[in-house]
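K.L.:
Chains as they are written, first to last, in my numbering: chain R, 9 to 404; chain B, 965 to 1307.
(1) Of the choices R:284, R:240, R:368, R:257, whose alpha-carbon is the least far from that of residue 176 of chain R?
(2) Answer yes or no: does any C-beta atom of chain B fall closer than 9 Å to that of residue 22 of chain R?
(3) So, for residue 998 of chain B: in the same chain, excluding its five sequence neighbours on each side, which residues have a beta-carbon less than 7 Å away from its beta-carbon?
(4) Taking residue 1047 of chain B as the reference, give the member of B:1275, B:1233, B:1004 with the closest Cα.
(5) Quick check on residue 1164 of chain B: does DSSP put it in helix, strand or coil?
(6) Residue 76 of chain R versus chain C: which residues are under 8 Å apart at the beta carbon?
(7) By Cβ distance below 6 Å, which residues in the same chain neighbour residue 263 of chain R in space, the five residues on each side in sequence not counted?
(8) In this structure, does DSSP put residue 269 of chain R in helix, strand or coil?
(9) With a threshold of 16 other CB atoms inside 10 Å of the CB of residue 272 of chain R, please say whether the residue is buried or exposed.
(10) On the CB-based measure, 16 or more other CB atoms within 10 Å of its CB, does residue 1292 of chain B come out buried or exposed?
(11) Please state whether the Cβ-Cβ distance between residue 270 of chain R and residue 182 of chain R is less than 9 Å.
(12) Starting from the Cα of residue 1092 of chain B, find the closest Cα among B:1303, B:1305, B:1306, B:1290 and give me that residue.
(13) Alpha carbons only, please: which of B:1272, B:1162, B:1150, B:1135 is nearest the one belonging to residue 1299 of chain B?
(14) Answer with yes or no whether the minimum CB distance from residue 349 of chain R to chain B is below 9 Å.
(15) May I ask you to list the residues that DSSP assigns as paired with residue 1193 of chain B?
(16) When the cut-off is 9 Å and only beta carbons count, does residue 987 of chain B lie next to chain R?
(17) What number of angstroms, rounded off, separates the C-alpha of residue 1102 of chain B from the C-alpha of residue 1164 of chain B?
(18) Quick one: grab the DSSP three-state call for residue 179 of chain R.
(19) Leaving out the 5 sequence neighbours to the left and right, which residues in its chain are closer than 7 Å to residue 1073 of chain B when beta-carbon positions are compared?
(20) Do residue 1016 of chain B and residue 1097 of chain B have their C-beta atoms within less than 9 Å of each other?
(21) In whole angstroms, give me the CA-to-CA distance for residue 1211 of chain B and residue 1239 of chain B.
(22) Whose C-alpha, out of R:338, R:282, R:339, R:237, is nearest the C-alpha of residue 121 of chain R?
(23) Can you give me, in chain order, the residues of the region 1013–1035 of chain B that have a beta carbon less than 8 Å from any beta carbon in chain R?
(24) Identify the residues that DSSP records as bridge partners of residue 1150 of chain B: which are they?
(25) Identify the continuous beta strand (DSSP E) that holds residue 1183 of chain B and give its terminal residues.
(26) Using a cut-off of 9 Å between C-beta atoms, extract the partners of residue 1144 of chain B located in chain R.
(27) In whole angstroms, what is the alpha-carbon distance linking residue 216 of chain R and residue 231 of chain R?
(28) Which of the three DSSP states is assigned to residue 150 of chain R in this structure?
(29) In whole angstroms, what separates the C-alpha of residue 74 of chain R from that of residue 92 of chain R?
(30) Would you report the Cα separation of residue 1283 of chain B and residue 1026 of chain B, rounded to the nearest angstrom?
(31) Check the Cβ of residue 368 of chain R against every Cβ in chain B and list those closer than 8 Å, keeping chain order.
(32) What is the rounded straight-line gap between the Cα of residue 338 of chain R and the Cα of residue 95 of chain R?
(33) Taking 8 Å as the cut-off, does the region 61–78 of chain R touch the region 313–321 of chain R (at least 3 CB pairs, one atom from each stretch)?
(34) Specify the secondary structure class of residue 1080 of chain B as computed by DSSP and reduced to three states.
(35) Does DSSP put residue 1108 of chain B in a helix, a strand or coil?
(36) The alpha helix (DSSP H) that contains residue 49 of chain R, what's its start and end?
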């Protein structure tokens, strides 16, 4: 008798399965996933069947075949005798190259313009506002065409190239700069630079800890800067100062030697930086305005100088507002670099398009482009999220 | 009851997706065209003489007349064509996916395209070869002097590949500037961004005539570095539609050989010569074999004229392009243009 009562207490009355909200939730999710899987499966199957019936080649075997087309500029060695896979890598390297430089420059430009728009100087603030409102509201594709036409039309031909500095040539073939000859000293200088950075970072942490403990300050920033400049310089002098340069020379149609930035690269970089810079400027402005004025007043009351006030009080708080939207801007800049197609910079999309057209394998090509952009975007997000965590408010 | 409704709607949705996703089935293209009431023709966005819209957006040119002839053969009306401008990079996907029913845009017939891309080619309508155009003031006389040159070229073309082959074979260097839109690539050449512009020589003549301020400032080097047989393309797997394209073009060529023109086709239709009677529908049979009206060839010739007339109207010596017939003359006059017997 007692055991029966206990059983009733322990086992709550169960609703019927179709009335149980938990079971119903699970069942609905299973159905949802099944439907999505069925649709994807159907599309994949349908694509395969259609491709086969139309006798269109499938698979990634084409990547090993000879590409047989030329590429205008490349960071890694490439000739038309290389494979499609290699050509694809060339495109990827070009995309990463222009995006990386673009992100750095856009951040600098955006920050400067964002601060300028907050300036108490009327002219500076208005100029920054005009910059933002103009370039933010014109489609990027048009801006790219504009910059490209400008670089092409304004600059003279290679034979009449401008020479602003000895060895530097500006023509409609691009900007040519002399580069130093290969020398083992440069490798060691890079090593010295890396070591200096490591020491500077350790020094900065030590100085911070000491200041927190004792209140005494140490100019770690300046010391680190001196190290980063000084150590490579010492190595350079120790190697007997190898300063032989490879100069660009006009030979036949074009310049040979030196390093070149093509008008396509230039137009793409300027376009991306100027366009993305406007958004970053607004983000920076918003971030700084989000820090209440009371914080600055408090900092002034403590006797901090304007630079210190910005660096120690306002910026750390503003960064929390700035970082998350900044991540989106970096992502858009990287993805917008695919507009390179319009002006003929050989980025990933441009080369993948050519590959797709020569091999006819559009499905594979598009899949590869999507996968690459997805990976790049996720990596950028990952790094920005890590950085965001380091500046986020830590509650104690 | 409502459950049945839902499943019926879902099924209908799937069927619609299926219908959209499955274009080329044997015989499907002609049915689709007849149902739509028009033929979808992939053309280039702007090559003077071959295919270009005027200020009202009305297309005209050599390749356009090929599509008009096919439209006339199918519908008895040359104007039932929807023109879809495509860049070199878009054209094959557009045809494969069923967005267009035929490409008539100076596409070169190659093994890879015939096999890997799932295309079938109609008869060659223009025999061409790749050439180089340079500004006269550059002083270049032969292609062998082009070492180190910057070359403007459109991507996704045989031109791009031949260019790489040619410079590789001659151990020369070049820098390609690769731009998809013909307008942009020509603008780059004219502004001096490139030393050379390369494409099929007839298209070079077309661009020179249509897009340079003073055509005499540019010369087309005499070398031809490739064979470029230009032919209309259709999807692999629909033989009926492929036959219609083939034989309409053969009819245009045959008409030139037999002296049938746009003007005299009505008179010729009354002719007692058995071969002409067979072709123009006086003796039934040919149209039926193609699943077309017996007047198919008559309608095509009536609409656009014979092959020679189309050539002269858009490309010949009296046009800005001033092209000789050369290889594109009839086989009886020393050229390569030859029609299979219509019987």
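Here a beta-carbon is modelled for each residue, glycine too, at the ideal position from N, C-alpha and C.
P.N.:
Answer, in terms of the structure:
(1) Across the set R:284, R:240, R:368, R:257, the C-alpha of R:257 shows the shortest separation from the C-alpha of residue 176 of chain R.
(2) For residue 22 of chain R, the answer is no, since every Cβ of chain B falls outside 9 Å of its Cβ.
(3) Excluding sequence neighbours, residue 998 of chain B sits near nothing in its chain.
(4) Of B:1275, B:1233, B:1004, the residue nearest in Cα terms is B:1004.
(5) Residue 1164 of chain B falls in the strand class under three-state DSSP.
(6) No chain C is present in this structure, whose protein chains are R and B.
(7) Cβ neighbours of residue 263 of chain R beyond the five flanking positions: 184, 256.
(8) Here residue 269 of chain R sits in strand by DSSP.
(9) With 16 or more other Cβ atoms within 10 Å, it is buried.
(10) Label assigned to residue 1292 of chain B: buried.
(11) One thing to note: residue 270 of chain R has its Cβ within 9 Å of the Cβ of residue 182 of chain R.
(12) It is B:1290 whose Cα lies nearest to the Cα of residue 1092 of chain B.
(13) Of the candidates B:1272, B:1162, B:1150, B:1135, B:1272 places its Cα closest to the Cα of residue 1299 of chain B.
(14) Output row for residue 349 of chain R: interface = yes.
(15) Note: residue 1193 of chain B sits in a beta bridge opposite B:1091.
(16) The predicted model places residue 987 of chain B with a pLDDT of 44, which falls under 50 and marks its position as unreliable, so this point remains unresolved.
(17) The straight-line gap from Cα to Cα measures roughly 21 Å.
(18) Residue state for residue 179 of chain R is assigned as strand, using DSSP reduced to three classes.
(19) Cβ neighbours of residue 1073 of chain B within its own chain (closer than 7 Å, five residues either side excluded): 1085, 1088, 1193, 1195.
(20) With a cutoff of 9 Å on beta-carbon distance, residue 1016 of chain B and residue 1097 of chain B are scored as not near each other.
(21) Looking at the backbone, the Cα of residue 1211 of chain B and that of residue 1239 of chain B are separated by about 15 Å.
(22) Of R:338, R:282, R:339, R:237, the smallest CA-CA separation from residue 121 of chain R is found for R:282.
(23) When C-beta distances to chain R are compared with 8 Å, every residue of the region 1013–1035 of chain B stays at or above that value.
(24) Answer is none; residue 1150 of chain B lacks a bridge partner.
(25) Note, residue 1183 of chain B: beta strand (DSSP E), 1182–1184.
(26) Chain R residues near residue 1144 of chain B: 349, 350, 352, 358, 361.
(27) Taken atom to atom, the span from the alpha-carbon of residue 216 of chain R to that of residue 231 of chain R is near 14 Å.
(28) In the structure shown, the three-state DSSP call for residue 150 of chain R is helix.
(29) Answer to the nearest angstrom: the Cα atoms are 6 Å apart.
(30) The alpha-carbon atoms of residue 1283 of chain B and residue 1026 of chain B are separated by roughly 12 Å.
(31) Neighbours of residue 368 of chain R on chain B, chain order: 1056, 1060, 1076, 1077, 1080, 1081, 1082.
(32) Distance between the alpha carbons of residue 338 of chain R and residue 95 of chain R: 25 Å.
(33) With the cut-off at 8 Å, the region 313–321 of chain R and the region 61–78 of chain R do not touch.
(34) Coil, per DSSP.
(35) Residue 1108 of chain B: helix per DSSP, three-state reduction.
(36) Here the alpha helix (DSSP H) through residue 49 of chain R covers 29–61.
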